[in-house]
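Participant: This is the structure I want to talk about, given as structure tokens.
4 protein chains.
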Amino acid sequence: MQDILDEISAEMRKRTDRGTVANYIPQLACVDPNQFAMSVVLPDGQTFSTGDADTLFSIQSISKVFTLTIALGKLGDHLWSHVGREPSGDPFNSIVQLEHEQGKPRNPFINAGAIAVVDSIMSGHQPKESLAEILEFVRFLANDKSICIDEKVARSEIETGHRNASLAHFMASFDRISHPVEHVLGTYFHHCSISMNCKQLAHAGLFLAFDGTNPIYGTRVVSPERSRRISSLMLMCGHYDGSGEFAFRVGLPGKSGVGGGILAVAPGEASIAVWSPGLDKIGNSKLGTEALELLVKHTGWSIFAK
Amino acid sequence: MQDILDEISAEMRKRTDRGTVANYIPQLACVDPNQFAMSVVLPDGQTFSTGDADTLFSIQSISKVFTLTIALGKLGDHLWSHVGREPSGDPFNSIVQLEHEQGKPRNPFINAGAIAVVDSIMSGHQPKESLAEILEFVRFLANDKSICIDEKVARSEIETGHRNASLAHFMASFDRISHPVEHVLGTYFHHCSISMNCKQLAHAGLFLAFDGTNPIYGTRVVSPERSRRISSLMLMCGHYDGSGEFAFRVGLPGKSGVGGGILAVAPGEASIAVWSPGLDKIGNSKLGTEALELLVKHTGWSIFAK
Amino acid sequence: MQDILDEISAEMRKRTDRGTVANYIPQLACVDPNQFAMSVVLPDGQTFSTGDADTLFSIQSISKVFTLTIALGKLGDHLWSHVGREPSGDPFNSIVQLEHEQGKPRNPFINAGAIAVVDSIMSGHQPKESLAEILEFVRFLANDKSICIDEKVARSEIETGHRNASLAHFMASFDRISHPVEHVLGTYFHHCSISMNCKQLAHAGLFLAFDGTNPIYGTRVVSPERSRRISSLMLMCGHYDGSGEFAFRVGLPGKSGVGGGILAVAPGEASIAVWSPGLDKIGNSKLGTEALELLVKHTGWSIFAK
Amino acid sequence: MQDILDEISAEMRKRTDRGTVANYIPQLACVDPNQFAMSVVLPDGQTFSTGDADTLFSIQSISKVFTLTIALGKLGDHLWSHVGREPSGDPFNSIVQLEHEQGKPRNPFINAGAIAVVDSIMSGHQPKESLAEILEFVRFLANDKSICIDEKVARSEIETGHRNASLAHFMASFDRISHPVEHVLGTYFHHCSISMNCKQLAHAGLFLAFDGTNPIYGTRVVSPERSRRISSLMLMCGHYDGSGEFAFRVGLPGKSGVGGGILAVAPGEASIAVWSPGLDKIGNSKLGTEALELLVKHTGWSIFAK
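Residue numbers (this note's numbering), protein chains in the order written: chain X, 3 to 308; chain G, 3 to 308; chain Z, 3 to 308; chain S, 3 to 308.
Given below as structure tokens:
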């Protein structure tokens, strides 16, 4: 495995077209696009890494996987009255679909859906308390108490987050937001600003590759059925309107973030985190996707393979 | 396996809400909604069936899997200049997406996409020749020379097929159709009117469950990579704007038809065909989906399971 | 003229289907739907009225005519880089068009357009100053210093104005709003909350019926060309997606508000204000439209008549 | 008047940016873009012309005014169950609106609407008979029996008319077309191919400028109310998604065709035809619009003027 990762890393270093770093969040725009990292965790806990696997990056939308997991724990299937579970065919921040479907977001991974999920887990609490809960859960999953929120990124997002504010107010106009819009947005922007490195992220996603149970410690996070359902949503909607492309090329459930990270899970095999800040046109890590494509080619881990 | 199928069959017999038989094609509207059948083929060729597994039904959109396979064989990746590979988030016969994307269909399984695929494989031939080729391929896959087109259904579709005619002319107005629209539509409607039973259909799909090679005879139909890609398209787009729901509940690549059939593949395990004519609101077999959900529960065949 | 108005008023009193009072702004929801008023001002200053013509009502979107006039005075044709001048074919608060046209509102009379117009006239000022300017202009037009803003209505709008907040943030995300979104919204909601009666409103609109000059005092408000252009925008877009219907039935440039008022101008003839709180499905005063239809039938004032 | 027209003509000759000749109908693509003509008919029959006012051109969508008039005569207000009367905010050949509103076209002047209008007047007749009726009506209006259909243009349109075929089949799929689609399209394409010169066209539109009665002969074509309503539809929808712009700049009810003609009416004053083959981006005659703008500046004929 280490050889495979090093080969991929070497290959990625050669690539000159590395995509474009997200520029709409000023704090993310200044990240060096030449960075690359990948970590693979096997069920026995062995962790293989290559590149800048200890460098922290902003996980951004990957956080949506963790809040979705929390929300399903709190609301169960009732969550699906707040948010749908179909791919949207639209960009991550589209509002058109909301107007056509009376303010109900198509799935939990587009921005509107994730904002609705955050609202659904706040249960009358203040943003601080909700954030503490989310952060605690991520630390528990990764078994790492050092994971933190990057306040600078969070503030940068709040200042420039008009599009998300628009989505939240739009849903609120359909009575789909239970807490003050500012509170929900504050929580949303902060939980997108969690900083992790590839090692931590790969560990945090391990339960999804093993039917809901962390195979290292044997701790059950969610039921097998729920784990599979979260994975199916990742596959169907985890890369916005590039989800079909990702399924086609990589063939693993995955969730990307505009910070350049991708969390992917190979059921029964491994949890994988990859990071490279340059994005393709749709907003998914360009080299990250290419690296995963190579990894699957080497390992045969596609969920569509026999 | 026989016990599982019989249990599912018994369970399905009890269901009173069986959906609605497709009524926009007169010839399909008169099918008895109380029918149900399911067949499972294992890699050693063992075939387990329950219900009306010898009754022929109109495979309708399931035929799109076979023409996609032919088109990829003929055009390779060049096919993707004719048709995209993203879920559409729209109904199967929507034209809105076409206008927004200059006549290029979002994927090969919505009607517009399948019409474009049919056009791409005609290579200047007459409808008769193209149909002969498609039929030959399906017979080869199922290893059954008796498979035929139901002329009555085909004629019924042509007479009432204004929506598909609209889609085809729309694409033609963007110069995306190379043959006379009437020829393309004739071929399209006829290949949707292929009649098969569950046993035949399950056999025809077997290659997709085993990386492109029929495990009974060892004949390679497509490369492992192509097989996985076809499967990924089935998962992402095989049930129109109900694809997310199907992935969530069943967790297998599948393709439905308005005749009430579904072809599903469990990679490395089996090929499955199910048929029940009553459809849900989106146009997918209601009991068919429920039966597959039960089958996966019993067997654990979800592609998202470890 | 007095006979015509009294006849219309008598006719309107008989109507049982009076539409529905706007209920999304709590303060407006409690207005008595049985009220009706109409005022007609002729060029010599003669003012004919019927019904509750001294009762104040919330002019709501009719205020958009006055801010558009101010904005054209300040920015001239440069205003059209901020907002278009085509009918939208969409409801007054639709956001779909904004996404399709990169945040530029289709015309100054849909909500998004009016918010952009308000932003364009703030010129770095605080909401208070901008509101004072707008109010001063309306008082000048109506020659009535008693005209005021209803603070209760304004506060009620702010509290429930998520949809407009969504529109404003959406435009801000495209850098189309120059002032803090809260300031723009505060100004917008307050200027919608100006209270006027039919007499005042008819006087305020008089300049538009006489090529930009108030014929009573001979004061020129805008040039003839600008007056005609504002009138054309009222005809094309003044009743949202009911503008075609209004032009078809009434045949006069008009602007409606969800408070139940309509300002209409008969070029060269008169300025007309009508008010009845019940709205049709699209959000225009039901009896107001019917009364104008009758008035035009009696007077022949249609701009399409010889 | 002659001086005004000659001045406009001289001004237009100077213009170098003359727009682009419609190229999607091959037969229209070869028209010389340097031509220009304008005719004005006054109520006493005096006809003033400038430029190539005897040159025949394809009236294209201007024919929609005449079929609308026939349809209102046959169906009265029942026509509005077939077609709406709101501006669409979309291009002339958009299909998006049709899908959102169950196949009912927004107004009679977008292509889908005009196709529905043609279908509504066929009353079970063959295309030939319907065309004879339309042609007879246009000849009667213009008092000129020499007016003919250009068969070459008609055939050229049929061969390349996939977009209109798509619209017709789409409406047929909602059971909104009563005759065979091919018959309706044949009639539609042929009536768009009527050839007229500016003099003939200005005469044909005269009734609309005088409340439905031709003032030269005193023949009443339609009632005053109907005449005003047709005019209002021309103003609101006569230039597709450039209707707001035309109302803003010209201020007269008008209908354009992609052949480069525009028919405009100044109520109580005159009927005007203008022709210049080069089109703006939206598909309306570029110089034609500019010439009308100048004419209104000279005459003050805007319907929004006092």
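Ideal placement from N, C-alpha and C gives every residue a C-beta, glycine not left out.
Evaluate the contact criterion for the stretch 245-252 of chain S versus the stretch 226-244 of chain Z: three or more CB pairs, one atom per stretch, below 8 angstroms.
Facilitator: The stretch 245-252 of chain S makes contact with the stretch 226-244 of chain Z, as at least three CB pairs between them are under 8 angstroms.
Participant: Looking at chain S, which residues of the stretch 88-119 of chain G have a Cβ within less than 7 angstroms of any of its Cβ atoms?
Facilitator: From the stretch 88-119 of chain G, only S96, I97, V98, E101 have a Cβ closer than 7 angstroms to chain S.
Participant: With three or more C-beta pairs closer than 8 angstroms as the rule, is the stretch 242-249 of chain Z touching the stretch 163-174 of chain Z?
Facilitator: no
Participant: Which residue wins for smallest C-alpha separation from R230/G, given the options S197/X, W303/X, S229/X?
Facilitator: One-based indexing of the second sequence puts residue 230/G at position 228. Cα-wise, what sits closest to R230/G is W303/X.
Participant: C32/X by DSSP, collapsed to three states: which one?
Facilitator: The residue labelled residue 32/X in the question sits at position 30 within the first sequence. Here C32/X sits in coil by DSSP.
Participant: Should Q202/Z go down as buried or exposed, given a rule of 16 or more other Cβ atoms within 10 Å for buried?
Facilitator: Sequence index remark: in the third sequence, residue 202/Z carries index 200 (1-based). The residue is buried, with at least 16 neighbouring Cβ atoms inside 10 Å.
Participant: Give, in chain order, every residue of the stretch 263-288 of chain G whose Cβ lies closer than 7 angstroms to some Cβ of chain X.
Facilitator: P269, G270
Participant: Taking 9 angstroms as the CB-CB limit, is H84/X close to chain Z?
Facilitator: Locating residue 84/X in the first sequence gives position 82, counting from the first residue. For H84/X, the answer is no, since every Cβ of chain Z falls outside 9 angstroms of its Cβ.
Participant: Run through chain X and tell me which residues come within less than 7 angstroms of F250/Z, C-beta to C-beta.
Facilitator: What you label residue 250/Z is simply residue 248 of the third sequence in a count that begins at 1. Within 7 angstroms Cβ-Cβ: nothing; F250/Z doesn't reach chain X, min ~27 angstroms.
Participant: Per DSSP, what kind of secondary structure is A268/S in: helix, strand or coil?
Facilitator: For this step, residue 268/S is matched to residue 266 along the fourth sequence. Three-state result, A268/S: strand.
Participant: How about P279/Z and D34/Z: do their beta carbons lie closer than 9 angstroms?
Facilitator: Here the question's residue 279/Z lines up with position 277 in the third sequence. Here the question's residue 34/Z lines up with position 32 in the third sequence. Closer than 9 angstroms, so yes.
Participant: DSSP on T301/Z, reduced to helix/strand/coil?
Facilitator: Locating residue 301/Z in the third sequence gives position 299, counting from the first residue. It is helical.
Participant: Along chain Z, which residues have their Cβ under 8 angstroms away from the Cβ of S245/S?
Facilitator: To locate residue 245/S, count along the fourth sequence from 1; it is residue 243. Listed along chain Z are E88, P89, M238, each with a C-beta nearer than 8 angstroms to that of S245/S.
Participant: How far does the alpha helix (DSSP H) with V120/Z in it reach, from first residue to last?
Facilitator: Counted from its first residue, the third sequence places residue 120/Z at position 118. Residues 113-124.
Participant: Quick one: is K130/G buried, meaning 16 or more other Cβ sit within 10 Å of its Cβ, or exposed?
Facilitator: Along the second sequence, read from residue 1 onward, the residue named residue 130/G stands at position 128. Answer is exposed; the Cβ neighbour count stays below 16.
Participant: Would you check if the stretch 101-119 of chain S and the stretch 79-87 of chain S touch, i.e. whether three or more CB-CB distances between them fall below 8 angstroms?
Facilitator: yes
Participant: Rounded C-beta distance between L187/S and A167/S? I'm assuming under 8 angstroms.
Facilitator: The residue you call residue 187/S lines up with position 185 of the fourth sequence. The residue you call residue 167/S lines up with position 165 of the fourth sequence. Right, the Cβ-Cβ distance comes to about 6 angstroms (below 8 angstroms), so this counts as a contact.
Participant: Taking the alpha-carbon positions, what's the R178/S to V120/S distance?
Facilitator: For this step, residue 178/S is matched to residue 176 along the fourth sequence. For this step, residue 120/S is matched to residue 118 along the fourth sequence. Between R178/S and V120/S, the C-alpha separation is close to 12 angstroms.
Participant: What residue from P93/S, I274/S, I61/S, Q104/S has the CA that sits closest to L137/S's CA?
Facilitator: Position 135 of the fourth sequence, counted from the first residue, corresponds to residue 137/S. For the residues P93/S, I274/S, I61/S, Q104/S, the minimum Cα distance to L137/S belongs to I61/S.
Participant: Identify every run of the beta strand (DSSP E) within the stretch 196-269 of chain Z, keeping only runs that are complete inside it and at least 3 residues long; order them along the chain.
Facilitator: 196-198, 256-258, 263-268
Participant: Give me the subset of the stretch 211-239 of chain G whose CB atoms are less than 8 angstroms from a CB atom of chain X, sorted by chain position.
Facilitator: A211, F212, D213, P226, S229, R230, R231, S233, S234, L235, L237, M238, C239
Participant: How about the stretch 44-62 of chain Z and the stretch 189-206 of chain Z: do they share at least three Cβ pairs that are nearer than 8 angstroms?
Facilitator: yes
Participant: Identify the continuous alpha helix (DSSP H) that holds M3/X and give its terminal residues.
Facilitator: The residue given as residue 3/X occupies position 1 in the first sequence. Looking at the DSSP string, M3/X is not in any alpha helix (DSSP H), and its letter there is neither H nor E.
Participant: Quick check for students: name the residue ranges of the beta strand (DSSP E) that lie wholly in the stretch 9-53 of chain X, counting only runs of 3 or more.
Facilitator: 39-43, 49-53
Participant: Check whether the stretch 288-304 of chain X and the stretch 256-264 of chain G are in contact - that is, three or more C-beta pairs closer than 8 angstroms.
Facilitator: no
Participant: Quick one: is V260/Z near chain X, going by C-beta distance under 9 angstroms?
Facilitator: Here residue 260/Z refers to the residue found at position 258 when the third sequence is read from its first residue. Not closer than 9 angstroms to any Cβ of chain X, the Cβ of V260/Z fails to qualify, so no.
Participant: Which residues in the same chain as R15/X place their Cβ atom closer than 8 angstroms to its Cβ, once the five residues preceding and following it in sequence are excluded?
Facilitator: Mapped onto the first sequence, residue 15/X falls at position 13. Around R15/X: F38.
Participant: Looking at the secondary structure, which residues open and close the alpha helix (DSSP H) in which Q99/S lies?
Facilitator: As a first step, residue 99/S is located in the fourth sequence; it is residue number 97 there, counting from the start. Run containing Q99/S: 98-102, per the alpha helix (DSSP H) assignment.
Participant: Near K154/G, what residues of its chain come up, given a Cβ to Cβ distance below 6 angstroms and the 5 sequence neighbours on each side ignored?
Facilitator: Residue numbering aside, residue 154/G sits at position 152 when the second sequence is read from its first letter. Correct list, in chain order: Q29.
Participant: For C194/X, is the classification buried or exposed, using 16 other Cβ atoms within 10 angstroms of its Cβ as the cut-off for buried?
Facilitator: Counting from 1 along the first sequence, the entry for residue 194/X is found at position 192. That one is buried.
Participant: With DSSP as the reference, identify every bridge partner of I151/X, one or two as the case may be.
Facilitator: Here residue 151/X corresponds to residue number 149 of the first sequence, with the count starting at 1. DSSP lists I196/X as partners of I151/X.
Participant: What's the gap between the Cα of V140/S and the Cα of A206/S?
Facilitator: If you number the fourth sequence from 1, residue 140/S lands on position 138. If you number the fourth sequence from 1, residue 206/S lands on position 204. Their Cα atoms are separated by approximately 7 angstroms.
Participant: Does chain G have any CB closer than 9 angstroms to the CB of A156/S?
Facilitator: As a working mapping, residue 156/S is identified with position 154 in the fourth sequence. Not closer than 9 angstroms to any Cβ of chain G, the Cβ of A156/S fails to qualify, so no.
Participant: Name the chain S residues whose beta carbon is nearer than 7 angstroms to that of S175/G?
Facilitator: Your numbering for residue 175/G matches position 173 in the second sequence. In chain order: H164, R165, S168.
Participant: Between which two residues does the alpha helix (DSSP H) containing I72/S stretch?
Facilitator: Here residue 72/S is taken as the residue at index 70 of the fourth sequence, counted from 1. For I72/S, the enclosing alpha helix (DSSP H) has its first and last residue at 65-77.
Participant: Taking only three categories from DSSP, how would you classify F139/X?
Facilitator: Within the first sequence, residue 139/X is the residue found at index 137, counting from 1. Three-state DSSP puts F139/X in a helix.
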